[in-house]
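The opening position of the sequence shown corresponds to residue 1 in full-length UniProt numbering, with each subsequent residue numbered one higher.
For glycine and all other residues, C-beta sits at the position ideal for the given N, C-alpha and C.
Single-structure report; data block below.
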Amino acid sequence: MATYLPRVVDSELVERLSYAGAVVIRGPKWCGKTATALQRAKSVAFMQDPDERANNMAMAEAKPSLLLRGEKPRLIDEWQEAPQLWDAVRFAVDRSDEPGQFMLTGSATPTAQPQHTGTGRFSFLDMRTMSLFESGESTGEVSLGELFGQGDHIPNDETHVEGHSEQDVENLSYLICRGGWPRAITIANENAALKMSRDYLSAIAEEDISRVDGVSRNSQYARLIMQAYARCSATQADMGTVRGNLKTRGSGLSRETVDSYVGALRRLYVIEDVSAWTPSLHARSRITTTPVRFFTDPSIAAAALGASPELLLRDMSTYGLLFENLCVRDLRVYAEPLGGKVLHYRDNTGLEADCVIALDDGRYSLLEVKMSARLVDEGAANLRKLAGKIDASIMGAPSFCAVITPGGYAYRREDGVLVVPITCLRP
Numbered sequence: 001m002a003t004y005l006p007r008v009v010d011s012e013l014v015e016r017l018s019y020a021g022a023v024v025i026r027g028p029k030w031c032g033k034t035a036t037a038l039q040r041a042k043s044v045a046f047m048q049d050p051d052e053r054a055n056n057m058a059m060a061e062a063k064p065s066l067l068l069r070g071e072k073p074r075l076i077d078e079w080q081e082a083p084q085l086w087d088a089v090r091f092a093v094d095r096s097d098e099p100g101q102f103m104l105t106g107s108a109t110p111t112a113q114p115q116h117t118g119t120g121r122f123s124f125l126d127m128r129t130m131s132l133f134e135s136g137e138s139t140g141e142v143s144l145g146e147l148f149g150q151g152d153h154i155p156n157d158e159t160h161v162e163g164h165s166e167q168d169v170e171n172l173s174y175l176i177c178r179g180g181w182p183r184a185i186t187i188a189n190e191n192a193a194l195k196m197s198r199d200y201l202s203a204i205a206e207e208d209i210s211r212v213d214g215v216s217r218n219s220q221y222a223r224l225i226m227q228a229y230a231r232c233s234a235t236q237a238d239m240g241t242v243r244g245n246l247k248t249r250g251s252g253l254s255r256e257t258v259d260s261y262v263g264a265l266r267r268l269y270v271i272e273d274v275s276a277w278t279p280s281l282h283a284r285s286r287i288t289t290t291p292v293r294f295f296t297d298p299s300i301a302a303a304a305l306g307a308s309p310e311l312l313l314r315d316m317s318t319y320g321l322l323f324e325n326l327c328v329r330d331l332r333v334y335a336e337p338l339g340g341k342v343l344h345y346r347d348n349t350g351l352e353a354d355c356v357i358a359l360d361d362g363r364y365s366l367l368e369v370k371m372s373a374r375l376v377d378e379g380a381a382n383l384r385k386l387a388g389k390i391d392a393s394i395m396g397a398p399s400f401c402a403v404i405t406p407g408g409y410a411y412r413r414e415d416g417v418l419v420v421p422i423t424c425l426r427p
């Protein structure tokens, strides 16, 4: 058995099992959901096991409760293969009223709706590919939780950060193209590791995009649409722009076709856009609410574009967009245990923040992502201007403002803005 690499969600899973009857672990295939659940499971049913699949499906149809028998917590892996298991788990949880009975893992959202929502019985845990801290490629010297003051609602104007990362732009180009796939991270051969994201793209295009809802889809169309979406990475491009990218390359697919493919990619957790943050402002400004386009892992975008680490280094514009995708992935992983979401801000004056981390208790931080040290001043000025525009009497002041960079030093500027390499950050 392969060595298990600890994940940020490990402690969160333990906590949720302590109070919820069932925990649903959601995320893209190959991101490590099953391996993480198996660390806590006392028994398991693998719904996609070729030797048992026909028997499991027959049981799910005839008497789903049979699949729930076993020592608790019991893992039902890829439960969406038999959506009726949802209601069976809900009923079993109701009858026992004990926490930590089941874990359900799934790499796709089922199209068939259960009869009951599971409110009050299920806890939902989102899992993503591995962050740089989890893969050992961030020093972890700067804690996101500590930057938020560990529960202190009063922003600390003297926040001190310190750290240094040896990772540079060349290293990051490889990490972007390799991605956070656990198997790729544990492979010693870098060329083999780079092939994982291409294999993932092929699996999605040739199999999963049709299996997710039983609708037959063209693999070539799937590849073209993912490529067009990748060209819009880290932008607020609307779907008309995505279709325009396809048209300029000779693929005039209809709106209905593109929407169908993109919808399937969402259900497979391949794409995960960043929604807009809408704070109260001093000045009147129209906030643009179009989401920013991102893949769950930057390597998917790189594979869709046919980009290698060497090609990214020759195309710094694309590099910058995919680097932002990597930062968003990691910030999502680190914010989740804090009860945080990663959002973005942009208004009609052009003022923006690449990332806003908004916690459930109302605290928030403003972040800009910059590829080079010479752009840090620009990012810091932008953040200060936005912070001054927010109505602090309603929203409170930001817990901190930070410019996220690839590597180098973590420090606090004289203007109070933090500079934090993504390769120094941890939860």
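Measuring from the CB of residue i, is there a heavy atom of the ligand SAH at a distance below 7 Å?
i: Ser308; result: The ligand SAH is absent from the structure shown, which contains no ligand whatsoever.
Spatial neighbours of residue i within its chain, please: CB distance less than 6 Å, with the 5 preceding and 5 following residues excluded, ordered by chain position.
i: Leu351; result: Leu386
i: Val44; result: Leu75
i: Arg369; result: The sequence shown places Val at residue 369, rather than the Arg named in the question. Hits under 6 Å: Glu324, Cys327, Asp354, Ile404.
i: Arg198; result: Ala303
i: Lys33; result: Ile25, Gly27, Thr105, Met127
i: Leu265; result: Ile271
i: Ala230; result: Ala301, Ala304, Leu305
i: Ile187; result: Ala193
i: Ala92; result: Leu68
i: Ile209; result: Arg217, Ala222, Ala264
i: Ser165; result: Thr139, Gly407, Pro421, Thr423, Cys424
i: Arg267; result: Ala108, Thr109, Val212
Taking the continuous alpha helix (DSSP H) assigned at residue i, which residues delimit it?
i: Ser219; result: 219–231
i: residue 432; result: A question about residue 432 goes unanswered here, because the residues of the chain that appear run from 1 up to 427.
i: Ser96; result: 85–96
i: Gly140; result: Counting along the chain, Gly140 falls outside any alpha helix (DSSP H), and DSSP gives it neither H nor E.
i: Arg330; result: Strictly speaking, residue 330 in this sequence is Asp, with Arg absent from that position. Note, Asp330: alpha helix (DSSP H), 316–335.
i: Val169; result: 169–178
i: Leu38; result: 33–38
i: Arg183; result: 182–186
i: Ala82; result: Run containing Ala82: none; DSSP gives neither H nor E here.
i: Asn189; result: Counting along the chain, Asn189 falls outside any alpha helix (DSSP H), and DSSP gives it neither H nor E.
i: Arg53; result: 53–62
Since residue i is in the beta strand (DSSP E), which residue starts that stretch and which ends it?
i: Arg74; result: 74–77
i: Asp126; result: 122–126
i: Thr105; result: 102–106
i: Ala205; result: Unbroken run through Ala205: none, as it is neither H nor E.
i: Phe46; result: 43–46
i: Gly21; result: Here Gly21 belongs to no beta strand (DSSP E), and DSSP marks it neither H nor E.
i: Ser165; result: 163–165
Among residues of its own chain, excluding the 5 on either side of residue i, which ones have a beta-carbon nearer than 7 Å to its beta-carbon?
i: Pro73; result: Leu17, Arg40, Ala41, Lys42, Gly100, Gln101, Phe102, Met103
i: Thr349; result: Ser285
i: Arg255; result: Arg243
i: Arg413; result: Ala380, Val419
i: Glu141; result: Glu162, Gly163, Ala410, Cys424
i: Asp391; result: Ser280, Leu281, His282
i: Asp330; result: Ser131, Leu132, Ile422, Leu425
Less than 8 Å between the CB atoms is what I'm expecting for residue i and residue j, so what's the real figure, rounded?
i: Ile357; j: Gly340; result: 5 Å
i: Ile300; j: Leu201; result: 6 Å
i: His344; j: Ala276; result: 6 Å
i: Val8; j: Pro337; result: 6 Å
i: Gln84; j: Pro64; result: 5 Å
i: Ser107; j: Lys29; result: 4 Å
Residues in its own chain within less than 8 Å of residue i by CB, not counting five upstream and five downstream?
i: Asp315; result: Ala307
i: Tyr221; result: Ser251, Leu253, Thr257, Tyr261
i: Glu12; result: Leu125, Glu336, Pro337
i: Thr288; result: Gln236, Ala276, Arg346, Asp347, Asn348
i: Leu312; result: Ser173, Ile176, Cys177, Ala302, Thr318, Tyr319, Leu322
i: Glu71; result: Lys42, Ser43
Length at least 3, wholly inside the segment 337–425: the beta strand (DSSP E) runs in chain order: 340–346, 352–359, 364–369, 400–405, 408–412, 418–421
Inter-stretch contact (C-beta, 8 Å, three-pair minimum) for the segment 276–286 and the segment 389–405: yes
Residue ranges of each alpha helix (DSSP H) within the segment 239–310, 4 or longer: 239–248, 255–267, 298–305
The segment 402–420 contacting the segment 168–179, beta-carbon criterion three pairs below 8 Å: yes
Segment contact flag, the segment 83–96 with the segment 59–71, C-beta cutoff 8 Å, min 3 pairs: yes
Given 8 Å, three or more beta-carbon pairs between the segment 366–383 and the segment 183–192: no
Validate contact between the segment 238–245 and the segment 209–220 using beta carbons, cut 8 Å, 3 pairs: no
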